[in-house]
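First residue of the sequence shown: 1064, per my numbering; consecutive thereafter. In this text, a Cβ means the ideal position worked out from N, Cα and C, and glycines have one as well.
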Amino acid sequence: MSGIKSGRLRHRVVIKQRVDTQDVQGNITESWELYRTVWAAIEDLSVRDFIAADAAQSQITTQITIRYLPTFDPLRMRIHHGNVVYEPVGVLADKGSGREYQTIPTKRLSN
């Protein structure tokens, strides 16, 4: 039985991957390219969650759940929902098989 109901994944998000290119002078240019468009659940942390995460130390504001993507790299990716950009700070596998869905704690970069 599936650990996440498809109706819960009701937000269409765009995952972008950072691409670094080097010119002939050795300068690195950072750009963001489309990695994948997927359905997701987006949940802002409650006050209780925020306090439990020790808000003074944590910048995590939102958790995003997506179906399992084996190549998802939180260090090189950002998640876009409308005009809001989220920066992943890690990735948590589901408690069952670890290959059904991923919960991604994020911090909001813009809105």
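A straight line joining the alpha-carbon of residue 1151 with that of residue 1167 spans about 6 Å.
DSSP places residue 1162 outside both helix and strand once states are collapsed to three, so it counts as coil.
Straight across, the Cα-Cα distance linking residue 1159 with residue 1104 is about 18 Å. DSSP places residue 1071 within a helical segment (H, G or I) once states are collapsed to three. DSSP places residue 1139 in the coil class of the three-state scheme, outside both helix and strand. In chain order, 1105, 1106, 1107, 1108, 1149, 1169 and 1171 place their CB closer than 7 Å to the CB of residue 1125, counting only its own chain and leaving out the 5 sequence neighbours on each side.
If you draw a 10 Å sphere on the C-beta of residue 1128, you find 16 or more other C-beta atoms in it, and that means buried. Looking at the DSSP output, residue 1151 shares a beta bridge with 1169. Counting of Cβ neighbours within 10 angstroms places residue 1088 among the exposed residues, the total staying below 16. Distance check between residue 1093 and each of 1137, 1100, 1136 and 1080 places 1080 closest, using alpha-carbon atoms only. With contacts defined by Cβ atoms closer than 8 Å, residue 1165 and residue 1138 do not form a contacting pair.
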